[in-house]
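Residue numbers (full-length UniProt numbering): 1 to 895.
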């Protein structure tokens, strides 16, 4: 029951701006979540923090400790990246178009409509209102689109849709010789998309400004200090003060200034005119346009840009999928390449400037490119339509996904990266199945084919078809892998093929509706199928007897699954019930009424409240736990339910998302958003130009939907299409509207003692270790069920004594000990020591493991997964060493 959110797969990028912190950590918004990618370790992590809606802007502090996210509802989260927790929250009054930390980390600039607000950056300290508004600039005449700070955090550049860029000074200037109003950079003919400060490499002081416009032009501006003003002030200092109205200070007192004081003021002002020494230096000169260059990409528009001060280089992305890299100030084109079919929505340098990051929101692409060697550091693309089906590999290391975009992707669960994509299908992929050898993947599609994929050579080595075109929506394979079965949507039949020859062996007829559920028994050759004709049928495929049993329901049957031991069958129906059948005796064992459990979430088009609506109150996907004691259920709802099978009790509900940008998350709708024409969110504004992110579109392209479910009217509807539990039992994955959510068990935060007593304490374990009693220490730590103490006790055992201590371990503690060994294999360098433990346990407790294999199956699967991964790594290392030695020997013999 202790499953927690671990990662989000299938969607590396969904829109907004991506940033790079600590030179190697890429942070990108994914819907209402934030994904952090380590480019060195090739691992991705999704923060367990959710915004109220899709995130549109993010910014990181200069030291990479804090992250600021702003969503479409103007709600801002201030996150500690290292602890992955939210420290502070604030809601802005207007939509935020740009946000940026100052280089010293003290301030945050926020562009809201026409306003620019400067907030003092909060820290770790808990305060009642941590965000303090320092200053507001209201000089722009239209929406502010981009911001940039000077290196000393004294100045702020802002680009706007009013075709201008403005230079703001942070500190209040006391000298009368400087301008109080911002300097305006004019001459642009389109929206300013990027503004950047340039510095002199020798003095590291601001000397130029670059402004980039949407019509593909870049303006270079140079700064010149105005010396004429100070020459005039020196002449005034040699003359006596002229009579007239005396100056007054702030309090209104008269100020009498003689010639010596005036000369001192002139010297002070001249000194402050030197760049970088005092604030106000950029206000005491003039800016002039040095050159104007075009990117020559018309009629395309410029959609993203970034500037690296150290290298004096500019990277730009265009709406036609082309990006350009230019050396400034001479505007020399280094690279001009096309990387996408759609517009590039984000482009950013890393801190060293050797890697470029590009994102395409519509296709879900995220690329990291090293421009010097012209190689990809990262190349990921998620599904750009809903994920329909999932499949775990037998060792739980791989996860396959199929979606409406006709693609099959295979992901590494530990790293969160997709390493292969199959695109041979011409219609939506509806079902997936891993074969027992772990190297073959089957996929069924609406294009009328079932394909077999080789995960060694990454190719389609066999295609199963029928004489007449059919649409397949379910898939199953027997335990031996010799027979492949697929259920159809249109002809209501089940097709049977031979895996070796690819020939069509049989067509099973009898259903009178689409066959949406199909599964072989884990212990026999019996095939179970469910259909919308309100029946579940059992088929004897090998003997050719046809349907041998039929279970009748009162409503349409949506899916069917076998318990891992094959002694129970679960089916879900349209009325929200889960029925449990005995497949041997053919009797109904239990029934779970789940309508109230899955109910929740009101669609925009619903005329009734969520409690009174009957749509979507059914489970469309089921999955048993590894030991068969629990069952997971999901459907057209924001909830995933977890039930105890024996007691028919709801144990837990997982809410898959809190994203208000999706339809069906709120239980109660706000009547203020309802107009005579319908809900405000569903009224399309044809005059609005979508400059960034995914255009409003109907997600998914299946020509059918489940009976009773509401169609999509432009907003994605929250739902769970597929649920799969890992064979190890340590995690489960759910394909939802947000992507593929992975939940796992984290034992480090859970205190769950196995056999607690007054004498079983951490101090007792430490005392046993100090007294050189490793056997007693191990038993005490297993009773206490403390992970760190168990591992410490394992390492305290002498390799010679492993066999004797393994004999003293009681049978009831075997599962916990095997789990600890599997965890150590994943992260420990003492491979031989851990493998010797595994070997001795199998020798001593072999009979007990066989007798209780059902209970020990998840932990044994975890151990097998760890051993398989290490075996693959060692095999690759040995192969590379062998080839290297052969090369060295051959080269030395030639010499």
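Backbone N, C-alpha and C fix where the C-beta goes; we use that ideal spot for every residue, glycine too.
Inset, instruction - Just mark residue 686 as buried or exposed, buried being the case when its beta carbon has 16 or more other beta carbons within 10 Å. - result: In the chain shown, counting from the first residue as 1, residue 686 sits at position 686. Per-residue confidence for residue 686 stands at a pLDDT of 45, beneath the threshold of 50, marking its modelled position as unreliable; the derived number appears in the next sentence. So residue 686 counts as exposed.
Inset, instruction - Give the single residue among 555, 557, 562 and 63 whose Cα lies nearest to the Cα of residue 478. - result: On the chain shown, residue 478 is found 478 positions in, with the first residue counted as 1. Considering only alpha carbons, the answer is 562.
Inset, instruction - Please specify which runs of the alpha helix (DSSP H), each continuous and at least 4 residues long, are wholly inside the region 327-397, giving them in chain order. - result: None, since the region 327-397 contains no complete alpha helix (DSSP H) of that length.
Inset, instruction - Tell me residue 642's beta-bridge partners as DSSP assigns them. - result: In the chain shown, the residue the question calls residue 642 occupies position 642. 632 and 652, per the DSSP bridge assignment.
Legend entry - Alpha-carbon spacing of residue 489 relative to residue 320, whole angstroms: On the chain shown, residue 489 is found 489 positions in, with the first residue counted as 1. On the chain shown, residue 320 is found 320 positions in, with the first residue counted as 1. Put simply, the backbone Cα of residue 489 is about 39 Å away from that of residue 320.
Inset, instruction - Just the C-alpha distance for residue 462 and residue 500, rounded to the nearest angstrom, thanks. - result: As a working note, residue 462 is residue 462 in the chain shown. As a working note, residue 500 is residue 500 in the chain shown. Distance between the alpha carbons of residue 462 and residue 500: 9 Å.
Inset, instruction - For residue 397, count neighbouring C-beta atoms within 10 Å of its own C-beta (all shown protein chains included) and say buried if the count is 16 or more, exposed if not. - result: Position 397 of the chain shown holds residue 397. Buried is the call here.
Inset, instruction - Only counting runs of 3 or more residues, tell me where the beta strand (DSSP E) segments fall wholly within the region 721-801, in order along the chain. - result: With a minimum length of 3 residues, the continuous beta strand (DSSP E) runs that stay inside the region 721-801 are 731-736 and 739-745.
Inset, instruction - Mind checking which residues open and close the beta strand (DSSP E) that includes residue 572? - result: Along the chain shown, read from residue 1 onward, the residue named residue 572 stands at position 572. First-last of the beta strand (DSSP E) with residue 572: 569-573.
Legend entry - Nearest-angstrom Cα separation, counted from residue 67 out to residue 431: Here residue 431 is taken as the residue at index 431 of the chain shown, counted from 1. Here residue 67 is taken as the residue at index 67 of the chain shown, counted from 1. Residue 431 and residue 67: Cα-Cα distance of roughly 39 Å.
Inset, instruction - Answer yes if the region 549-564 comes into contact with the region 594-603, meaning at least three C-beta pairs across the two stretches below 8 Å, and no otherwise. - result: no
Inset, instruction - Could you give the DSSP three-state label for residue 884: helix, strand or coil? - result: For the purposes of this step, residue 884 is taken as the residue at position 884 of the chain shown. The answer is helix: DSSP assigns residue 884 an H, G or I state.
Inset, instruction - Counting only the same chain and skipping the five closest in sequence on each side, list residues whose C-beta sits under 6 Å from that of residue 572. - result: Walking along the chain shown from the start, residue 572 turns up at place 572. The residues are 558, 559, 578, 619 and 622.
Inset, instruction - Decide yes or no for the touch test of the region 627-640 against the region 30-37: beta carbon pairs closer than 8 Å, at least 3 of them. - result: no
Legend entry - Uninterrupted beta strand (DSSP E) stretches inside the region 135-212 (no shorter than 3 residues): Considered as a whole, the region 135-212 harbours 144-149, 155-160, 165-169, 183-185 and 192-199 as its complete beta strand (DSSP E) runs of no fewer than 3 residues, in chain order.
Legend entry - Cα-Cα separation, residue 69 to residue 527: By one-based count along the chain shown, residue 69 stands at place 69. By one-based count along the chain shown, residue 527 stands at place 527. Residue 69 and residue 527: Cα-Cα distance of roughly 50 Å.
Legend entry - CB-CB length for residue 429 against residue 406, believed under 8 Å: Residue numbering aside, residue 429 sits at position 429 when the chain shown is read from its first letter. Residue numbering aside, residue 406 sits at position 406 when the chain shown is read from its first letter. Sure, about 7 Å apart at Cβ, within 8 Å.
Inset, instruction - Please list, in chain order, all residues of the same chain as residue 749 whose beta carbon is under 8 Å from its beta carbon, the five residues on each side excluded. - result: Here residue 749 refers to the residue found at position 749 when the chain shown is read from its first residue. A caution first: residue 749 carries a pLDDT of 44, below 50, which makes its placement in the model unreliable, though a value can still be read off. So the list is empty, once near-sequence residues are dropped.
Legend entry - For residue 101, three-class secondary structure by DSSP: In the chain shown, residue 101 corresponds to position 101, counting from 1. Correct three-state label for residue 101: strand.
Inset, instruction - Closer than 6 Å by C-beta to residue 421: which residues in its own chain qualify, once you throw out the five before and the five after it? Chain order, please. - result: Residue mapping note: residue 421 aligns to position 421 of the chain shown, counting from 1. The answer, listed in chain order, is 407 and 409.
Legend entry - Cβ pair residue 313, residue 297 closer than 7 Å: Taking the chain shown and counting its residues from 1, one reaches residue 313 at position 313. Taking the chain shown and counting its residues from 1, one reaches residue 297 at position 297. No.
Inset, instruction - Look at residue 198 and residue 205 and say whether their C-beta atoms are less than 7 Å apart. - result: Against the chain shown, residue 198 aligns to sequence position 198. Against the chain shown, residue 205 aligns to sequence position 205. Going by C-beta atoms, residue 198 is not nearer than 7 Å to residue 205.
Legend entry - Nearest-angstrom Cα separation, counted from residue 729 out to residue 517: Mapped onto the chain shown, residue 517 falls at position 517. Mapped onto the chain shown, residue 729 falls at position 729. Answer to the nearest angstrom: the Cα atoms are 22 Å apart.
Inset, instruction - Please go through the same chain and pick out, in chain order, the residues whose beta-carbon is closer than 6 Å to the beta-carbon of residue 129, but skip the five residues on each side of it. - result: Here residue 129 is taken as the residue at index 129 of the chain shown, counted from 1. If we look at residue 129 and ignore the five residues flanking it on each side, it has no Cβ neighbours.
Inset, instruction - Using DSSP bridges, identify the partner residues of residue 551. - result: Reading the chain shown from its first residue, position 551 is the one you call residue 551. Answer is 536.
Legend entry - Per DSSP, cross-strand counterpart(s) of residue 302: As a position in the chain shown, residue 302 is number 302, starting the count at 1. Residue pairing for residue 302: DSSP places it in a beta bridge opposite 318.
Legend entry - Assigned secondary structure, residue 823 (DSSP; H/G/I helix, E/B strand, else coil): Walking along the chain shown from the start, residue 823 turns up at place 823. Here residue 823 sits in helix by DSSP.
Inset, instruction - Check the C-beta distance from residue 137 over to residue 164 and give it rounded, since I have them as a contact under 8 Å. - result: Reading the chain shown from its first residue, position 137 is the one you call residue 137. Reading the chain shown from its first residue, position 164 is the one you call residue 164. Not confirmed; about 13 Å, so no contact.
Inset, instruction - Could you check if residue 40 is buried or exposed, using at least 16 other CB atoms within 10 Å of its CB as the buried criterion? - result: Residue 40 sits at position 40 when you count from the first residue of the chain shown. By the neighbour-count rule (16 or more Cβ atoms within 10 Å), residue 40 is not buried but exposed.
Legend entry - C-alpha distance - residue 514 paired with residue 666, whole-angstrom precision: Here the question's residue 514 lines up with position 514 in the chain shown. Here the question's residue 666 lines up with position 666 in the chain shown. Between the alpha carbons of residue 514 and residue 666 lies a gap of roughly 32 Å.
Inset, instruction - Put residue 601 into one of helix, strand or coil per three-state DSSP. - result: By 1-based counting over the chain shown, the position of residue 601 is 601. Here residue 601 sits in coil by DSSP.
Inset, instruction - Could you tell me which residues DSSP puts in a beta bridge with residue 518? - result: Looking up residue 518 in the chain shown gives position 518. Answer by DSSP bridge pairing, in chain order: 529.
Inset, instruction - Enumerate in chain order the residues of its own chain whose CB-to-CB distance from residue 393 is below 7 Å, with the five nearest sequence positions on each side excluded. - result: The residue labelled residue 393 in the question sits at position 393 within the chain shown. Short of 7 Å from the beta carbon of residue 393, and not among the five residues preceding or following it, lie these beta carbons of its own chain, in chain order: 434 and 438.
Inset, instruction - Check the DSSP bridge columns for residue 119 and list the partner residues they point to. - result: Working through the chain shown from its first residue, we reach residue 119 at position 119. As DSSP reads the structure, residue 119 sits in a beta bridge with 108 and 133.
Legend entry - residue 44 in three-state terms, based on DSSP: The residue you call residue 44 lines up with position 44 of the chain shown. Residue 44 carries a strand assignment under DSSP once its states are collapsed to helix, strand and coil.
Inset, instruction - Can you tell me the Cβ-Cβ gap for residue 656 and residue 718, rounded? I've got them flagged as a contact below 8 Å. - result: Along the chain shown, one-based indexing puts residue 656 at 656. Along the chain shown, one-based indexing puts residue 718 at 718. Residue 656 to residue 718, Cβ: 7 Å. Contact.
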